[in-house]
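K.L.:
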Amino acid sequence: AAGSEAAVMALQSPPQGFGGRWSVMPAEPGEYGRQLYATLRELDALGADFIVVEALPAVAEWSAIADRLGRAAVGSGAEQDET
8 AAGSEAAVMA LQSPPQGFGG RWSVMPAEPG EYGRQLYATL RELDALGADF IVVEALPAVA
68 EWSAIADRLG RAAVGSGAEQ DET
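What the sequence shown shows, in our numbering, is residues 8 to 90, in sequence order.
Encoded structure:
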């Protein structure tokens with residue numbers, strides 16, 4: 008929404024010139040899972056109106072993390088957009 012502040016969780020570094028909040032997450036599913044909730048809490052505490060999460064790799068090793076993200080999104084009251 009216009010005027011809203013977003014935060015991003017991604018496996019890659021932010022694009023050049025990006026001025027918002029960006030958390031680079033680990034590329035390994037186990038470590039990503041260990042950091043997931045702490046990063047979500049941190050971004051929420053920084054006042055983000057919403058958090059955009061880069062799509063995870065569509066392989067079995069990431070399915071548990073994708074499930075946790077889905078549960079976190081539902082728990083936040085936000086709508087999921089899996090496009």
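Quick reminder that beta carbons are idealized off the backbone N, C-alpha and C, glycines included.
Have a look at Val15 and Ala67 and give me their C-alpha separation to the nearest angstrom.
P.N.:
About 23 Å.
K.L.:
Please classify Ala67: does DSSP put it in a helix, a strand, or coil?
P.N.:
Helix, per DSSP.
K.L.:
Excluding the five sequence neighbours on either side, which residues of its own chain have a C-beta within less than 8 Å of the C-beta of Ala71, listed in chain order?
P.N.:
Around Ala71: Pro36 and Gly40.
K.L.:
Please give the ranges of any beta strand (DSSP E) in the segment 27–66, keeping only runs that are unbroken, at least 3 residues long and fully inside the region.
P.N.:
For the segment 27–66, whole beta strand (DSSP E) runs of length 3 or above, ordered along the chain, are 28–31 and 57–60.
K.L.:
Quick one, which of Leu63, Ala65, Thr46 and Val81 has its alpha-carbon nearest Arg28's?
P.N.:
Ranking the options by Cα distance to Arg28, first place goes to Thr46.
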